[in-house]
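This report concerns only the one structure given below.
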Amino acid sequence: MTNLNARKWPAILTVSSLGLLLAACGGGSSSDITTLSADTATVSGTVPGTLIEAFCADGRYFSTHSEQNGTAEHPFELELPVGLACRLVMTTNERAQNRIITAIQLQANGETGGNFALNSALNLGYVPLAKDDDGDGVDDISGQNVIDSNGDGVVDDPLAHDLGNNTALMVRQLSNDPLDTDGDDIPDYYEDDDHDGVNNHEDDDDDNDGTPDSSDEDNHDHDGDGIDDDYDRDSDNDGSDDNSSGSSPYTPVENYAVTRGRLLASQCAQCHGTNGHSTTSWDSIAGESAGEIVEEMNEYPTSHIMGAQGIGYTQSEIEDLAAYLSSLASDSESDGYDEEDESDD
Amino acid sequence: MSQQNKQNIQGKTLSRRQLFKYLGIGVTAAVAPSLAMQTRAATLPHVIVVGGGFAGATAAKYLKMWGGLGVEVTLIEPNSGYVSPILSNLVLNGQKSIANLTFGYQSHQQTYGVNMMHAMVESIDKAAHTVTLSTGQTLSYDRLVLAPGIEFIAATGHDFDKVPHAWKAGVQTELLKSQLDAMGDGEHFVMTIPKAPYRCPPGPYERACVVADFLKNAKGFGNTQITVLDENADITVEAATFHAKFDEYGVHYVANAAVTEVDSDNRIVSYQVSGGATQSIDADVLNVIPNQKAGQIIFDAGLNSGNWAPVNPLTYESTLQEAIHIIGDSQGTGQPKAGHIGNSEAKVCADAVLRSLNGLAPDPAPKTNSACYSPVSRTEATWLTAVYEYNSGTGQMQPVSTASYPYASGPSSSNYSAMFSWAGNLFSDTFA
Numbered sequence: 001m002t003n004l005n006a007r008k009w010p011a012i013l014t015v016s017s018l019g020l021l022l023a024a025c026g027g028g029s030s031s032d033i034t035t036l037s038a039d040t041a042t043v044s045g046t047v048p049g050t051l052i053e054a055f056c057a058d059g060r061y062f063s064t065h066s067e068q069n070g071t072a073e074h075p076f077e078l079e080l081p082v083g084l085a086c087r088l089v090m091t092t093n094e095r096a097q098n099r100i101i102t103a104i105q106l107q108a109n110g111e112t113g114g115n116f117a118l119n120s121a122l123n124l125g126y127v128p129l130a131k132d133d134d135g136d137g138v139d140d141i142s143g144q145n146v147i148d149s150n151g152d153g154v155v156d157d158p159l160a161h162d163l164g165n166n167t168a169l170m171v172r173q174l175s176n177d178p179l180d181t182d183g184d185d186i187p188d189y190y191e192d193d194d195h196d197g198v199n200n201h202e203d204d205d206d207d208n209d210g211t212p213d214s215s216d217e218d219n220h221d222h223d224g225d226g227i228d229d230d231y232d233r234d235s236d237n238d239g240s241d242d243n244s245s246g247s248s249p250y251t252p253v254e255n256y257a258v259t260r261g262r263l264l265a266s267q268c269a270q271c272h273g274t275n276g277h278s279t280t281s282w283d284s285i286a287g288e289s290a291g292e293i294v295e296e297m298n299e300y301p302t303s304h305i306m307g308a309q310g311i312g313y314t315q316s317e318i319e320d321l322a323a324y325l326s327s328l329a330s331d332s333e334s335d336g337y338d339e340e341d342e343s344d345d
Numbered sequence: 346m347s348q349q350n351k352q353n354i355q356g357k358t359l360s361r362r363q364l365f366k367y368l369g370i371g372v373t374a375a376v377a378p379s380l381a382m383q384t385r386a387a388t389l390p391h392v393i394v395v396g397g398g399f400a401g402a403t404a405a406k407y408l409k410m411w412g413g414l415g416v417e418v419t420l421i422e423p424n425s426g427y428v429s430p431i432l433s434n435l436v437l438n439g440q441k442s443i444a445n446l447t448f449g450y451q452s453h454q455q456t457y458g459v460n461m462m463h464a465m466v467e468s469i470d471k472a473a474h475t476v477t478l479s480t481g482q483t484l485s486y487d488r489l490v491l492a493p494g495i496e497f498i499a500a501t502g503h504d505f506d507k508v509p510h511a512w513k514a515g516v517q518t519e520l521l522k523s524q525l526d527a528m529g530d531g532e533h534f535v536m537t538i539p540k541a542p543y544r545c546p547p548g549p550y551e552r553a554c555v556v557a558d559f560l561k562n563a564k565g566f567g568n569t570q571i572t573v574l575d576e577n578a579d580i581t582v583e584a585a586t587f588h589a590k591f592d593e594y595g596v597h598y599v600a601n602a603a604v605t606e607v608d609s610d611n612r613i614v615s616y617q618v619s620g621g622a623t624q625s626i627d628a629d630v631l632n633v634i635p636n637q638k639a640g641q642i643i644f645d646a647g648l649n650s651g652n653w654a655p656v657n658p659l660t661y662e663s664t665l666q667e668a669i670h671i672i673g674d675s676q677g678t679g680q681p682k683a684g685h686i687g688n689s690e691a692k693v694c695a696d697a698v699l700r701s702l703n704g705l706a707p708d709p710a711p712k713t714n715s716a717c718y719s720p721v722s723r724t725e726a727t728w729l730t731a732v733y734e735y736n737s738g739t740g741q742m743q744p745v746s747t748a749s750y751p752y753a754s755g756p757s758s759s760n761y762s763a764m765f766s767w768a769g770n771l772f773s774d775t776f777a
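If you're matching them up, the sequences are chains H and W in order. Residue 215 in the numbering used here sits at position 215 of the first sequence; the count goes up by one each step and never skips. Plus 345 on top of the position in the second sequence (first one is 1) and you've got the numbering used here.
Written as structure tokens, this is what we have:
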């Protein structure tokens, strides 16, 4: 796969460089991009003193702590995007050795699973998490044994929580959920892939290859939530959306919406890479200004392969696809190969 | 996590997660077939893509990239990797290896969440919307996308193991390479070109040039003979460019030459020019590229009209059967048959399928494009390209009417360099 994933090779290609805007691409506004609904809704409930975490399909991470109110049932509220698939994990005695990490499985509307999406505000009621202040392996509240076979702090089975018929959420079973690859409703974040008794989140080398995950080249998911960094809207799980700082590319689509520009722009990808991210010396076109793309599509002679492509698109098509491309995040590395021209083809 | 979910494979304990990674398939696929069908969430539409070449691999990737968790996608492909025919003529002159051109499906599984199944489809039940695999499993689909590539129509006596076609890359390419490597000066290389439409229009002419350059210039053979028998009336694309190169290399080009029989043991090809008397050439290395038709599954499922599968180019849905789409070389829209445009059609199809699953009409005016860089020596390449538009009058795709396609360029070393930038992004857009 010589050219696959190759970094740019300025030295090798003296020729082709002039922003071979190959598959036809150009400008406009970025008003009609496909994004998730911006709406959020609240998940609320009570717990016995707890960190509440949500891992979501676009890589975003949300968390909150319950409020100490002097009773045994501490209330919490967590805002989550409407329609976005998420998984919940709750931890009692969070910072202590005897913390108990419990993945939550929801039962609603005849479906059972850890993957759910909100339609509206959801009240979970009291979630009967295990808590073990004295570290004796027995739940202080129920008196039941806490089963954690490998001692990584994560209880073996998710806690099933029945919500009956409830229009506030959709529970889904996916056969291939990136957040939970093995489908056991324990998110990958809290699995123990290398069986060393330390869950992935707390394991700084979770493939046991001797290289810390933070500097491991085979690690494409630095926050370990199952969402590849390239698709992760919060790739460090710091709770803040990377998109707002402009550093993350795009979002998996949950609620299907279409724009004319997206399909047209996808026809640039054969030569300029998926979503305009080139893997070769040819130009990346993601995130260029719409005006720049329109100009590039119109400026080549038809003796140049980009010019020969460019004449196949109407001005309005060029504007639609340019609007879409300009809405995508650009490559982190520069694609400044626009200076040289290829005059002999 | 629990210990109960561990399974033992070859003495090595794997978690379920690792096990499924090891098997290269999704969770649903790994459980018993009947259970698989029950556990699939009733609410998620399931799209099955058959064939992991340029068209099928692109369709599966884009269906998940655009459809996200709202759709389940399974890609069924018998092989663990795909060998690209694009650039494979450079295996013949030693500039590329088969390994350079082999792509797996790791990104499909790990980045996009496509269920990957390595199996053959044995049958399609069009009424029940199910496919049955060589493994015995039966899977149900809401939409089925078929991308089976091409099947050959072999001439009488043509044994591919003795006289390679090398038109599907891999073992066949290596067989032809070994025969070319063993040639001596003064020997005769003969290749035949099928009647259009066939996969990759410039490909056969490109091969004749690459082989001629290899024998005459790289190996320095002054007395080698090269004959090209073309069933078409003339070189089908970039005619001026290839005629000029043929003249330069001393290639003997015969138009309207239809192969009638191949003596595979003795490497003798018989042919008729414009239906005239049968003639024969005794070759030292013989490369017969047979005539072509849609993949066998198209015929088995009754989705063909003649040699190809008729489809509506707005959606690539079969005009003979609802919920089945055909993309890539097997589809019969008249667009060229090649990897680049197969990738292009796949995106139009993926978009239309997702729209349809969400109750939306397809894009009424999709565009596709083709582009191909062809090496003509170890240092030079040429290219051609075209954009296709939908003609609502004929219901077909056609080269954009205002653009006077095709454009062709002359060979150059700059095109040779650009060829790898083109192919690299086409490969990554399809497989990475």
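Idealized CB from N, CA, C, for every residue including glycine. Every value quoted in this text rests on a predicted model; they were computed, and no experiment measured them.
**OP:** Have a look at H:ASP193, H:PRO178, H:CYS86 and flag the residue whose alpha-carbon is nearest the alpha-carbon of ASP229 (chain H).
**Re:** Of the candidates H:ASP193, H:PRO178, H:CYS86, the residue whose Cα lies closest to the Cα of ASP229 (chain H) is H:PRO178.
**OP:** Rounded to whole angstroms, what's the CA-CA distance from ASN760 (chain W) to ALA578 (chain W)? Just pull it up for me.
**Re:** A direct Cα-Cα distance of roughly 28 Å separates ASN760 (chain W) from ALA578 (chain W).
Subject >> CB contact below 8 Å: ARG60 (chain H) versus chain W >> reply: So no, ARG60 (chain H) is outside the interface.
Original post:
Looking only at its own chain, which residues have a Cβ that is under 8 Å from the Cβ of HIS597 (chain W), when we skip the five neighbours before and after it?
Top reply: Excluding residues within five positions, the ones whose Cβ falls inside 8 Å are GLN570, ILE571, THR572, VAL573.
Subject >> Candidates W:LEU414, W:PRO423, W:ARG700, of which the one nearest ARG262 (chain H) by Cα >> reply: Checked all of W:LEU414, W:PRO423, W:ARG700; the closest Cα to ARG262 (chain H) is W:ARG700.
**OP:** Drop a sphere of 10 angstroms on the beta-carbon of GLY769 (chain W), count the other beta-carbons inside from all chains shown, and report buried for 16 or more, exposed for fewer.
**Re:** Burial call: buried.
**OP:** Report all residues from its chain with a CB closer than 7 Å to the CB of ARG99 (chain H); omit the five preceding and five following residues, and keep chain order.
**Re:** Only THR91, THR92, ASN93, GLY153 meet the Cβ criterion.
Original post:
Between the C-alpha atoms of MET382 (chain W) and VAL555 (chain W), what's the straight-line distance to the nearest angstrom?
Top reply: Low confidence applies here, because MET382 (chain W) scores a pLDDT of 38, under 50, leaving its location unreliable and the question unanswered by this model.
**OP:** Report the neighbours of TYR189 (chain H) on chain W: residues whose CB is nearer than 7 Å to its CB, in chain order.
**Re:** Among the residues of chain W, none has a CB under 7 Å from the CB of TYR189 (chain H); the nearest is roughly 12 Å distant.
Subject >> N-terminal and C-terminal residue of the beta strand (DSSP E) that TRP728 (chain W) is part of >> reply: From DSSP, the beta strand (DSSP E) with TRP728 (chain W) extends over 726-736.
**OP:** Could you round the C-beta distance between VAL721 (chain W) and LYS590 (chain W) to whole angstroms and report it? I think they count as a contact, below 8 Å.
**Re:** About 5 Å separates the beta carbons of VAL721 (chain W) and LYS590 (chain W), which is inside the 8 Å limit, making them a contact pair.
Original post:
If we call anything under 8 Å between Cβ atoms a contact, is GLY595 (chain W) one with ALA492 (chain W)?
Top reply: Not in contact: GLY595 (chain W) and ALA492 (chain W) (Cβ atoms no closer than 8 Å).
**OP:** For chain W, find out if any of its Cβ atoms is closer than 8 Å to the Cβ of PRO158 (chain H); answer yes or no.
**Re:** Not one chain W Cβ lies under 8 Å of PRO158 (chain H).
**OP:** Pick out whichever of W:PRO390, W:THR713, W:ALA748, W:GLY755 has its Cα sitting closest to the Cα of THR678 (chain W).
**Re:** Here the closest residue by C-alpha is W:THR713.
Subject >> ALA402 (chain W) versus ASN119 (chain H): straight-line alpha-carbon distance, rounded >> reply: Approximately 34 Å between the Cα atoms of the pair.
Original post:
Using the rule of at least 16 other Cβ atoms within 10 Å of the residue's Cβ for burial, across every protein chain shown, is SER625 (chain W) buried or exposed?
Top reply: By the neighbour-count rule (16 or more Cβ atoms within 10 Å), SER625 (chain W) is not buried but exposed.
**OP:** Under the assumption that GLY273 (chain H) contacts SER452 (chain W) (Cβ atoms under 8 Å), give the Cβ distance between them as a whole number of angstroms.
**Re:** 13 Å between Cβ atoms; not a contact.
Original post:
Using a Cβ-Cβ cut-off of 6 Å (strictly less than) and excluding sequence neighbours within five positions of LEU489 (chain W), which residues of its own chain qualify?
Top reply: The residues ILE393, ILE669, in chain order, have a CB closer than 6 Å to that of LEU489 (chain W) in the same chain once the five nearest residues on each side in sequence are set aside.
**OP:** Give every residue of the same chain whose Cβ lies closer than 8 Å to the Cβ of ASP645 (chain W), excluding the five residues on either side of it in the sequence, and list them in chain order.
**Re:** Here the set comprises SER468, ILE469.
**OP:** Could you tell me how far apart the beta carbons of ASP216 (chain H) and ASP209 (chain H) are, in whole angstroms, since I believe they sit closer than 8 Å?
**Re:** Sure, about 7 Å apart at Cβ, within 8 Å.
Subject >> Under 8 Å between C-beta atoms of ILE613 (chain W) and ASP627 (chain W) >> reply: Contact flag set, yes.
Original post:
In terms of DSSP beta bridges, what is CYS56 (chain H) paired with?
Top reply: H:CYS86, per the DSSP bridge assignment.
**OP:** Round the Cβ separation of CYS86 (chain H) and ALA41 (chain H) to the nearest angstrom and send it over; I've been treating them as touching at under 8 Å.
**Re:** About 11 Å separates the Cβ atoms of CYS86 (chain H) and ALA41 (chain H), ruling out a contact at the 8 Å cut-off.
Subject >> Neighbourhood of LEU631 (chain W) by C-beta distance below 7 Å, restricted to the same chain and skipping five residues each side >> reply: VAL508, VAL535, ARG612, VAL614, listed in sequence order.
Subject >> Closest Cα partner of SER316 (chain H) within the set H:SER303, H:GLY307, H:ASP185, H:ARG260 >> reply: The shortest Cα separation from SER316 (chain H) among H:SER303, H:GLY307, H:ASP185, H:ARG260 belongs to H:ARG260.
Subject >> Nearest neighbour of ILE52 (chain H), chosen from H:ALA103, H:ASN150, H:ASP203, H:LEU321 [CA to CA] >> reply: Closest by C-alpha distance to ILE52 (chain H), out of H:ALA103, H:ASN150, H:ASP203, H:LEU321, is H:ALA103.
Subject >> Cutoff 6 Å; reference ALA377 (chain W); Cβ partners in own chain excluding five residues on either side >> reply: Note that ALA377 (chain W) scores a pLDDT of 36, beneath 50, so its modelled location is shaky; the value from the coordinates is reported in the next line. Taken in chain order, the list of residues that qualify is empty.
Original post:
So, helix, strand or coil for HIS588 (chain W), using DSSP?
Top reply: Three-state result, HIS588 (chain W): helix.
**OP:** Look up THR112 (chain H) in the DSSP assignment and give the residues it is bridged to.
**Re:** Bridge partners of THR112 (chain H): H:GLN107.
**OP:** Pull up the distance between the alpha-carbon of SER303 (chain H) and that of THR727 (chain W), whole angstroms please.
**Re:** So the two alpha carbons sit approximately 12 Å from each other.
Original post:
If you measure from the beta carbon of SER689 (chain W) to each beta carbon in chain H, is any gap under 8 Å?
Top reply: For SER689 (chain W), at least one C-beta of chain H is nearer than 8 Å to its own C-beta.
Subject >> 8 Å CB neighbourhood of ASN438 (chain W) in its chain, flanking five on each side removed >> reply: Within the same chain, Cβ atoms closer than 8 Å to the Cβ of ASN438 (chain W) are found at VAL555, VAL556, ASP558, PHE559, ALA563, ARG723, the five residues on either side in sequence being excluded.
Original post:
Of the residues H:GLY151, H:ASP320, H:GLY226, H:GLU295, which one's Cα is nearest the Cα of ARG60 (chain H)?
Top reply: For ARG60 (chain H), the closest C-alpha among the options H:GLY151, H:ASP320, H:GLY226, H:GLU295 is that of H:GLY226.
Original post:
Residues bridged to ILE305 (chain H) by DSSP?
Top reply: Beta-bridge partners assigned by DSSP to ILE305 (chain H): none are found.
Subject >> Cβ-based burial, VAL253 (chain H) [other Cβ within 10 Å; buried from 16] >> reply: Unreliable positioning characterises VAL253 (chain H) in this predicted model, as indicated by a pLDDT of 39, which lies under 50. The coordinate reading is nonetheless provided below. Its Cβ being crowded by 16 or more others within 10 Å, VAL253 (chain H) is buried.
Original post:
Across which residues does DSSP place ARG761 (chain W) in a beta bridge pair?
Top reply: Before going on, a small fix: residue 761 (chain W) reads as Tyr here, not Arg. For TYR761 (chain W), DSSP records no beta bridge to any residue.
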